[in-house]
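Numbering (our numbering), first residue to last: 625 to 1315.
Quick look at the structure:
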């Protein structure tokens, strides 16, 4: 496919230098598919299995007509007990969907009130049910409208950390592409699987990437956007060997950039197309308000926005109030809201609004050219919906995309989205990358076994990640020349419990790589000790914007008063880095206003439901004695004590987390605790201690 000289790597024999390479499969893979889909696509599924077998990843096909997620999971657990060890699964077709309640601490941003909203809105569709074996779930019920949806409550009996035993992905044709017609659905599935098999047989080093930053996201900070190229050059050095290997786009480059994006989306030979944007299940939000150049254009766009907003007013009273308020505020003539005026502008308003977004109907007209599409956006990976953005990239006819990553609910825009993404350039199977960065909402869609062509060591790395290499193996990469290999090593060693906070501080202090230092910073959060504090203090002044931003976020979560003055300096002076400034301002809100000074006030001081829930994203460390006293007070409403017990779990990176855990353990010894409160306290203690 591409004519390029690959980097020559030293051939590693096994996990130890000089060892005889082991040709036996280190792991296996499962294709789990509903019976109807397999019957209709047998030849293509068998060909998919065959190409994996040929690559040294023996695959097994599992078919069935499962009615609940528990039935599917039982089969997965049986496979996991066999040899060779199961490294991953793909769920093909109509596989039941687990919608999780009680696990919002596993999400980055989703915090909808589970007591006030319908379950189909406040639960999280998540395949962590299938790949995190240490989690325990209590079955609640089947959805009354969507029979494939099943609601589960995350139990206190299991772990309270996401540690997938295997990687997982979904291959699901969106209903909107087939109109609910099974014949069309199976035709699209067959075409997709044929594409996957062909992709596995090609020689394709990772040397072309496209990155797009949409309006209202981290791209609003031009410093953050400017540094993406520096960071991605560490992840994918081959893509920076020539100017044609990398493209970085920003919504500011065109007031209607979607049509330029159409060309980029369809560029053949692209390895990774990465979107950083806002989203919905059926929408990619691309541009914001029109960047008017003249006063006349400004007035014209204002009128457009007001007409769009006016149409949302359904009753005459709201309409009249809207007209009066905005005409008084902007000194406009009410005639602009007359039905004749609205009719005259209807087509233009519709066109202007549509130009700001990419929707499913747009994607149906395109032929995506990227093998991998990353959708760092809210809801774009909502495979449970009739139509979802990631599904369109995978299944529209003519698409070259074999794998996508997206989220089933909203997602935090300041998350470390590109963590270890350089696995792709190293020839590591995409599923292993997903396994390293999972949240409750993040999902891989399509084929998780695809890997780009890389050096001879790629097979060794896949085996090491599949079977679990020893500490000495990973320590050998701490001095590697490539930053990605060093970042991989410290992630693996920390996960094994073989890396100390002191070791992370040493790495952060001496390593000149952006991605290695950021990896050391975020991994240090779980220790919440003096070494973590030292890393954060250095992080405030790091040249990499995302390190400064994450250091501010971590400072608020850890809560040491020594962070206050550096945070105040960043809040006051970091105008060129808006996201850092915002993170510093947000972090300061969790500290004692008396220490912050400058007229700071305590946000949400009341310990009602809203005030307690506020603590989940804003752990006010100086109030811990007060919060523990509230929890221990049997005179307080039982339901609020449960909310408080859950909120205290968000102090899991606090310097005082162990004191909180000890206080909860003492309270657990009391007799007569309501069961719901006891269960939530057990969860919180595990969250605090499992760091």
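Virtual Cβ for every residue (Gly too), placed ideally from N, Cα, C. Remember, it's a predicted structure, so these values are computed and weren't measured experimentally.
Closest option to residue 672, judged by alpha-carbon separation, among 817, 809, 724 and 733: 817. In the structure shown, the three-state DSSP call for residue 1043 is coil. The beta carbons of residue 1137 and residue 1156 sit no closer together than 8 Å. Residue 648 sits in coil when the DSSP states are folded into three classes, being neither helix nor strand. Here the alpha carbon of residue 925 sits roughly 10 Å from the alpha carbon of residue 919. Approximately 7 Å separates the beta-carbon atoms of residue 1072 and residue 1027; this is inside 8 Å, confirming the contact. Residue 1044 sits buried, since 16 or more C-beta atoms from the chains shown fall within 10 Å of its C-beta.
CA-to-CA, the gap between residue 796 and residue 1034 works out to about 20 Å.
The DSSP-derived three-state label of residue 690 is coil.
Shown here, residue 1253 sits in a helix according to DSSP, grouped into three states.
Apart from the 5 residues on each side of it in sequence, residue 1181 sits with its Cβ closer than 6 Å to the Cβ of 1277 in its chain, given in chain order. Counting other Cβ atoms within 10 Å of its Cβ, residue 949 stays below 16 and is therefore classed as exposed. Within the model, the alpha-carbon separation for residue 674 versus residue 683 is close to 8 Å. Between residue 1251 and residue 1264, the C-beta spacing is not below 8 Å. Straight through space, the alpha carbons of residue 1050 and residue 1081 are spaced by roughly 8 Å. The alpha-carbon of residue 1047 is positioned some 43 Å away from that of residue 929. In the DSSP assignment, residue 739 falls outside any beta strand (DSSP E) and carries neither an H nor an E.
By the neighbour-count definition (other C-beta atoms within 10 Å, threshold 16), residue 1121 is an exposed residue. Residue 1076 is bridged by DSSP to nothing; it lacks a bridge partner.
For the alpha helix (DSSP H) assignment, the uninterrupted runs of no fewer than 4 residues enclosed by the stretch 934-1016 are, from N- to C-terminal side, 940-954, 963-978 and 984-987. DSSP places residue 669 in the helix class (H, G or I) of the three-state scheme. Rounded to the nearest angstrom, the gap between the Cα atoms of residue 808 and residue 1015 is 15 Å.
When only Cα atoms are considered, residue 669 and residue 994 end up about 22 Å apart. Beta bridge pairing from DSSP links residue 765 with 775. When DSSP reads this structure, residue 907 sits in a beta bridge with 904 and 983. With 16 or more other Cβ atoms inside 10 Å of its own Cβ, residue 856 counts as buried. As computed with DSSP, residue 820 is found in no beta bridge at all. A straight-line Cα-Cα distance of about 23 Å links residue 1076 and residue 1005.
With contacts defined by Cβ atoms closer than 8 Å, residue 776 and residue 763 form a contacting pair. The C-alpha of residue 750 is placed about 29 Å away from the C-alpha of residue 1152.
The beta carbon of residue 961 is closer than 7 Å to those of 934 and 947 in its chain, skipping five residues each way along the sequence.
By the neighbour-count criterion, in which 16 or more other beta carbons inside 10 Å mark a residue as buried, residue 717 falls on the buried side. In its chain, beyond the 5 residues on either side, 692, 773, 774 and 775 have a beta carbon closer than 8 Å to the beta carbon of residue 766.
For residue 852, the enclosing alpha helix (DSSP H) starts and ends at 846-859. Put simply, the stretch 650-657 touches the stretch 1083-1102. At least three CB pairs are less than 8 Å apart. Apart from the 5 residues on each side of it in sequence, residue 782 sits with its Cβ closer than 6 Å to the Cβ of 758, 759 and 760 in its chain, given in chain order.
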